[in-house]
Amino acid sequence: NIRRDIPFGLGAALLLAAFLSDRWLGTGPADRIGRGEGIAMLALYLLLTMWTIRRERRTAPPAPAGHTPPKRLWPAAAKIAAGLAGLVFGGELFLGSATAIARALGVAESTIAITLVAGGTSLPE
Numbered sequence: 011n012i013r014r015d016i017p018f019g020l021g022a023a024l025l026l027a028a029f030l031s032d033r034w035l036g037t038g039p040a041d042r043i044g045r046g047e048g049i050a051m052l053a054l055y056l057l058l059t060m061w062t063i064r065r066e067r068r069t070a071p072p073a074p075a076g077h078t079p080p081k082r083l084w085p086a087a088a089k090i091a092a093g094l095a096g097l098v099f100g101g102e103l104f105l106g107s108a109t110a111i112a113r114a115l116g117v118a119e120s121t122i123a124i125t126l127v128a129g130g131t132s133l134p135e
């Protein structure tokens, strides 16, 4: 539920800002998150996750009376494999084409490497 989750997100952002304000508060030499602060953030995240799961289990609608057959594993595995193959093929096609175009335009190899690595790693997302 957005009305319940947004305050937690804002609280986490404010807590992170407080943890990063060492220089302004005069409690440390640099703006960084220490081990204790990281453990505290991780513990709070785990508590929120457990609370959300419990809340959703209580408010979940009851299961239908009819029997639903379990989903088959092989079709899902085939879809994942096809998606990965498409991702690899598309990535190779993108990088090869972009490199050829950049070389034809006379772009320096270092610029090609930097921009294509950035584009190639963020494209699947």
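Here the numbering used here runs 10 ahead of the position in the sequence shown, where the first position is 1. Beta carbons are placed, not taken as given, at the ideal position from N, Cα and C, and that holds for glycine.
inquiry  = Given this structure, state the Cα-to-Cα distance separating Ala-108 from Ala-87, to the nearest angstrom.
reply    = Taking the sequence shown and counting its residues from 1, one reaches residue 108 at position 98. Taking the sequence shown and counting its residues from 1, one reaches residue 87 at position 77. When rounded, the distance between both Cα atoms is 31 Å.
query = Roughly how many whole angstroms lie between the Cα atoms of Gly-101 and Trp-34?
reply = Numbered from 1 along the sequence shown, position 91 holds the residue referred to as residue 101. Numbered from 1 along the sequence shown, position 24 holds the residue referred to as residue 34. Approximately 45 Å between the Cα atoms of the pair.
message = If I measure Cβ to Cβ from Arg-68 and keep anything under 6 Å in the same chain, skipping five residues before and after, which residues do I get?
response = In the sequence shown, the residue the question calls residue 68 occupies position 58. The answer is none, since no qualifying residue turns up.
From Gly-93, Ile-43 and Asp-15, residue whose alpha carbon lies closest to that of Asn-65 = The residue given as residue 65 occupies position 55 in the sequence shown. Position check: residue 65 holds Arg in this sequence, whereas Asn was assumed. Of the listed residues, the one whose Cα sits closest to Arg-65 is Asp-15.
task = Could you tell me the distance, in whole angstroms, from the CA atom of Ala-28 to the CA atom of Arg-42?
result = Numbered from its first residue, the sequence shown carries residue 28 at position 18. Numbered from its first residue, the sequence shown carries residue 42 at position 32. Cα to Cα, Ala-28 sits roughly 11 Å from Arg-42.
ask   = With DSSP run on the structure shown, which of helix, strand or coil describes Pro-85?
value = Position 75 of the sequence shown, counted from the first residue, corresponds to residue 85. Looking at Pro-85 - three-state DSSP - the assignment turns out to be helix.
inquiry  = Using 8 Å as the threshold, is the C-beta distance between Leu-105 and Gly-130 below it?
reply    = Taking the sequence shown and counting its residues from 1, the one referred to as residue 105 is at position 95. Taking the sequence shown and counting its residues from 1, the one referred to as residue 130 is at position 120. In contact: Leu-105 and Gly-130 (Cβ atoms closer than 8 Å).
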